[in-house]
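S.K.:
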Amino acid sequence: MRLSRYFLPVLKETPAEAQIVSHRYMLRAGMIKQASAGIYSWLPLGYKVLRKIENIIHEEQARAGHIPMLMPTIQSADLWRESGRYDAYGAEMLRITDRHDRDMLYTPTAEELITDIFRANVSSYRDLPLTMYQIQWKFRDEIRPRFGVMRGREFYMKDGYNFDLTKEDALHAYNRHLVSYLRTYERMGLQAIPMRADSGPIGGDDTHEFLVLAETGESEVFYDSEITELKFGDRAIDYDSVEQCQAVLEEFTSRYARTDETHDEAVFNQVPEARRRTARGIEVGQIFYFGTKYSEAMGATVSDKDGNQVPVHMGSHGIGVSRLLGAIIEASHDDRGIIWPEGVTPFHCGIVNLKTGDAEADAACDKIHAALIALGLDPLYDDTNERAGAKFATMDLIGLPWRITVGPRGLKNGVVELTSRRTGESEELPPEAAVAKIA
Ligand code: ATP
Ligand code: MG
Ligand code: MG
Ligand code: MG
1 MRLSRYFLPV
11 LKETPAEAQI
21 VSHRYMLRAG
31 MIKQASAGIY
41 SWLPLGYKVL
51 RKIENIIHEE
61 QARAGHIPML
71 MPTIQSADLW
81 RESGRYDAYG
91 AEMLRITDRH
101 DRDMLYTPTA
111 EELITDIFRA
121 NVSSYRDLPL
131 TMYQIQWKFR
141 DEIRPRFGVM
151 RGREFYMKDG
161 YNFDLTKEDA
171 LHAYNRHLVS
181 YLRTYERMGL
191 QAIPMRADSG
201 PIGGDDTHEF
211 LVLAETGESE
221 VFYDSEITEL
231 KFGDRAIDYD
241 SVEQCQAVLE
251 EFTSRYARTD
261 ETHDEAVFNQ
271 VPEARRRTAR
281 GIEVGQIFYF
291 GTKYSEAMGA
301 TVSDKDGNQV
311 PVHMGSHGIG
321 VSRLLGAIIE
331 ASHDDRGIIW
341 PEGVTPFHCG
351 IVNLKTGDAE
361 ADAACDKIHA
371 ALIALGLDPL
381 YDDTNERAGA
391 KFATMDLIGL
401 PWRITVGPRG
411 LKNGVVELTS
421 RRTGESEELP
431 PEAAVAKIA
């Protein structure tokens, strides 16, 4: 992509309304624009990262055997009256009346909707287990939308729902989600720690939140520092294996790690003092097992082996897709801008032409640009007439992992400069070698 043909409305000034670094950088890098309180347009650069994050989630859900689908953003209130949540949900629910005076709402979460789909179509234990998910916009009329996409009113969320015959099967689904989430966050360059949490309005027994440690996080967290040494890595996992998934759950949840809602000082004090940590965290996901709460209220039953009608065991599992952009930036930046992890970077590499208009520099940049594209990579080529300093500042701000700097002086010696955004280290090498290094 040539920057001269792209839409990247970079801001030089720090917007006054942005209190935290991720919000500041997302605005300055032209990734989002506020449409109204807690509601954002996703400009091309932000949209690209959103799609990358979404794709990682889809890939990891597919690996776990979960099925993608899509439900509407606007629902009828009737299903929520059946579950009893229409009144219970409170002011966070955006309620809408249509022209026929019917009560509608903008989906804050979709347990009712999916349970309705399930009960209309599934009647036998033979069709279980079943886990479906969607990545769809949600709306919650948050009392204090803030920090940009971190706490929006409209936000993008992955929500998955499992239907199982027994509690044991549903807990296996829970564990499968835990494993797939660990993999998902690691691929985004994040450490998200599963912490024991409170089930809140969804209701239920087993629940973990995934928290990214960050000073600007809204949750207070307490944990055993040993937990930060755990990594899922690229180990093989058989998602159908109850034992393997259970072992991962035990490994990642046996040490003390809780949010303020479930924190227990007496239990925490059993952790050796040197390992006790109090910090702040960003909730980037949550998994729940809630048993038959919705299936009983809404009549989602199947016939079991003996022909008895039994309510299915369910859980729901969410990832804050749009919030993740903020969380990744909070976890990976410096005072010049964002540092994208390779897995989610909007472009793989930036090309800076130090002397646009110079025939040799232009030709060299064109060649590098084409070579990277031919390798299946996605470069951003700054072919504008800005001065070099401004081009560097923009590249640093938008945080691409690599920058290739091309100028007449280097070309005389047959070299360009390759710079790593993360380490700041540069080396001079022939253009082909620079391309090969990125690929
Ligand atoms: P929070 O405690 O931050 O209000 P929640 O517990 O109400 O979040 P869940 O119902 O667990 O949210 O939704 C799943 C995920 O969706 C959360 O883990 C979070 O990452 C994301 N999320 C929830 N509310 C928002 C919001 N207002 N803006 C952006 N992301 C959100
Ligand atoms: Mg909330
Ligand atoms: Mg929460
Ligand atoms: Mg939650």
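Residue 1 is where the sequence shown starts when you use full-length UniProt numbering, and the numbers rise one by one after that. Here a beta-carbon is modelled for each residue, glycine too, at the ideal position from N, C-alpha and C.
1) Classify Lys-158 as helix, strand or coil using the three-state DSSP reduction.
2) Quick one: what's Ile-96 bridged to in DSSP?
3) Distance, Cα to Cα, Leu-116 vs Asn-308?
4) With contact counted as at least three CB pairs below 8 Å, one residue from each stretch, are the segment 360-367 and the segment 405-412 in contact?
5) Can you tell me the Cα-Cα spacing of Ile-39 and Asp-378, whole angstroms?
6) Mind checking which residues open and close the alpha helix (DSSP H) that includes Gly-318?
7) Measure the Cβ-Cβ separation of Arg-258 and Met-195 and say whether it is below 8 Å.
8) Within 10 Å of its beta-carbon, does Ser-241 have 16 or more other beta-carbons around it, so buried, or fewer, so exposed?
9) Beta carbon of Gln-75: closer than 7 Å to some heavy atom of ligand 5?
10) For Glu-296 and His-313, what's the separation of their Cα atoms in angstroms?
11) How should Ile-56 be labelled, buried or exposed, when 16 other C-beta atoms within 10 angstroms of its C-beta is the threshold for buried?
12) Do you know whose CA, among Thr-109, Arg-126, Trp-42, lies nearest Lys-305's CA?
13) Taking 8 Å as the threshold (C-beta atoms), are Leu-400 and Thr-345 in contact?
14) When DSSP builds the beta bridges, which residues end up paired with Gln-286?
15) Report yes if the C-beta of Glu-209 is less than 7 Å from at least one heavy atom of ligand 3; otherwise report no.
16) Does Phe-163 come out as helix, strand or coil in the three-state DSSP assignment?
17) Three-state secondary structure (DSSP) at Asn-353?
18) Alpha carbon to alpha carbon, how far is Pro-272 from Tyr-256? Give it in angstroms, no decimals.
19) Is it buried or exposed for Gln-270, if we count other Cβ within 10 angstroms and need 16 for buried?
20) Residues in its own chain within less than 6 Å of His-23 by CB, not counting five upstream and five downstream?
21) Using only the alpha-carbon positions, how far apart do Tyr-6 and Tyr-106 sit?
22) Along the chain, where does the alpha helix (DSSP H) that runs through Glu-425 open and close?
23) What's the C-alpha gap between Met-395 and Gly-350?
24) Hey, is the segment 331-341 in contact with the segment 120-140, meaning 3+ C-beta pairs nearer than 8 Å?
25) From which residue to which residue does the alpha helix (DSSP H) around Asp-382 run?
26) The beta strand (DSSP E) that contains Arg-258, what's its start and end?
27) I'd like the list of long-range same chain contacts for Tyr-215, defined as Cβ closer than 7 Å, with 5 residues on each side in sequence excluded.
28) With hydrogens ignored, establish whether the beta-carbon of Glu-283 is closer than 7 Å to any heavy atom of ligand 3.
29) Is the CB-CB distance between Gly-46 and Leu-325 below 8 Å?
30) On the three-state DSSP scale, how would you describe His-263?
31) Please say whether Gly-315 and Phe-290 have beta carbons closer to each other than 8 Å?
32) Straight-line CA distance for residue 443 to Val-415?
M.R.: A quick look at the data gives this:
1) strand
2) Met-104
3) Here the sequence assigns Asp to residue 116, which means Leu is not the residue at that position. Taking the straight line from one Cα to the other gives about 20 Å.
4) yes
5) 29 Å
6) Not the alpha helix (DSSP H): Gly-318 falls in the beta strand (DSSP E), residues 313-320.
7) yes
8) exposed
9) Summarising the ligand content, the structure contains ligand 1, ligand 2, ligand 3 and ligand 4 and does not contain ligand 5.
10) 9 Å
11) buried
12) Arg-126
13) yes
14) Glu-209, Gly-318
15) yes
16) strand
17) strand
18) 11 Å
19) exposed
20) Phe-147, Gly-148
21) 33 Å
22) Per DSSP, Glu-425 belongs to no alpha helix (DSSP H) and is neither H nor E.
23) 7 Å
24) no
25) Premise fails: Asp-382 lies in the beta strand (DSSP E), 379-382, not in any alpha helix (DSSP H).
26) 257-259
27) A quick correction: the sequence has Glu, not Tyr, at residue 215. These residues qualify, in order along the chain: Arg-280.
28) yes
29) yes
30) coil
31) yes
32) This structure leaves residue 443 out entirely; the chain is present only between 1 and 439.
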